[in-house]
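Here the sequence shown stands for residues 206 to 380, numbered as in my numbering.
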Amino acid sequence: MDYDHTATPPDPARPWPTPAQPIPPRSPLWLAGVAVAVALVAGGLVGYFLPHHQGGAKPPPTSSTKPATVSLVGTLKVSGHGSGELDSLGGGSCQGSGGYSDITEGAQVVITDDSGATLAITHLEPGSGDQFSCEFQFRSEVPSGRGYYGVQVSHRGIVKEREVDLGIVAISLGA
């Protein structure tokens with residue numbers, strides 16, 4: 206029985222089957238082309254995402270994001286009359302006593318801006334001197350461009366200094 210291939214199939218949704226055509230063999234070059242395309246896309250994605258999202262790390266700050274700072278270096282000189290205001294600790298070390306008992310190594314030094322906002326907190330270094338005169342040093346980095354700065358040692362009053370004078374702040378207590 207011969208089939209008429211020109212006849213209309215009984216169901217238009219299901220066309221007549223056609224004889225199977227052999228698939229021509231592909232050259233191995235197509236596989237190399239696909240591999241190159243995949244490598245380029247993957248390399249581009251890694252090149253983009255790795256620097257931007259590496260472990261949640263942020264790019265290093267640039268000079269425009271980091272505020273400029275100025276070095277504050279100061280001394281606090283406490284003078285006494287030899288009647289108990291200062292203690293000589295031997296070896297050239299000293300500290301406050303009596304009414305100056307808060308003036309010792311480690312006493313807090315607060316640096317503020319002109320509005321009173323705290324910019325830095327540092328501490329007095331060990332004092333050097335004797336029972337008549339004792340000098341302490343302190344140092345810190347503070348943001349520049351604030352005009353006037355306040356320096357307060359312990360609970361003592363605030364001493365105002367201009368930015369240009371922050372490298373040589375000199376405070377004195379006593380006689």
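Don't be surprised by glycine CBs; every beta carbon is placed ideally from N, CA and C.
**Study point:** Whole-Å CB distance - Q342 paired with G287, under 8 Å assumed
**Key:** Rounded, the Cβ-Cβ distance is 23 Å, inconsistent with contact.
Check your understanding: Measuring CA to CA, which of G350, V358, Q357 is closest to R367?
Key -> The shortest C-alpha to C-alpha distance from R367 to any of G350, V358, Q357 is the one to G350.
Review point. How would you write the range of the beta strand (DSSP E) that I376 sits in, first residue to last?
Key: Unbroken beta strand (DSSP E) run through I376: 374-379.
Check your understanding: By Cβ distance below 6 Å, which residues in the same chain neighbour G303 in space, the five residues on each side in sequence not counted?
Key -> Residues G289, E290 of the same chain have their beta carbon placed closer than 6 Å to that of G303, with the five preceding and five following residues left out of the count.
Practice item. Can you check the stretch 310-360 for any beta strand (DSSP E) of at least 3 residues that lies completely inside it and give the ranges in chain order? Key: List check, beta strand (DSSP E) in window: 313-318, 323-328, 332-334, 338-348, 353-358.
Review point. Under the rule that 16 or more other beta-carbon atoms within 10 Å means buried, what is V347, buried or exposed?
Key: Counting Cβ neighbours within 10 Å, V347 comes out buried, since at least 16 surround it.
Practice item. Please check if any C-beta of chain D sits within less than 9 Å of the C-beta of G321. Key: The structure shown has no chain D; it contains just one protein chain.
Practice item. Decide if V314 is buried, meaning its Cβ has at least 16 other Cβ atoms within 10 Å, or exposed. Key: V314 comes out buried.
**Study point:** Per DSSP, cross-strand counterpart(s) of I389
**Key:** A query on residue 389 cannot be resolved here, the shown segment of the chain reaching from 206 to 380 and no further.
**Study point:** Start and end residues, beta strand (DSSP E) containing L371
**Key:** First-last for L371: undefined, no H or E at that position.
Practice item. Would you give the residue range spanned by the beta strand (DSSP E) that G295 belongs to? Key: Where G295 is concerned, the enclosing beta strand (DSSP E) stretches over 291-295.
Practice item. Tell me S276's beta-bridge partners as DSSP assigns them. Key: Looking at the DSSP assignment, S276 forms a beta bridge with E346.
Check your understanding: Is the distance from the Cβ of Y354 to the Cβ of T317 below 9 Å?
Key -> Going by C-beta atoms, Y354 is nearer than 9 Å to T317.
Point to revise | Residue from V275, A273, T280, G295 with nearest C-alpha to I376 | key: Comparing Cα positions, the closest option is T280.
Check your understanding: With 16 other CB atoms within 10 Å as the buried threshold, where does I373 fall?
Key -> Note on I373: under 16 other CB atoms within 10 angstroms of its CB, so exposed under the neighbour-count rule.
Point to revise | Cβ neighbours of H360 in the same chain (closer than 7 Å, five flanking residues each side left out) | key: Only D307 meet the Cβ criterion.
Check your understanding: Which residues share a DSSP beta bridge with S298?
Key -> Paired residue(s): G295, S333.
**Study point:** Beta-carbon proximity of K282 to E330, cut-off 9 Å
**Key:** Against a cut-off of 9 Å, the Cβ pair of E330 and K282 comes out as no contact.
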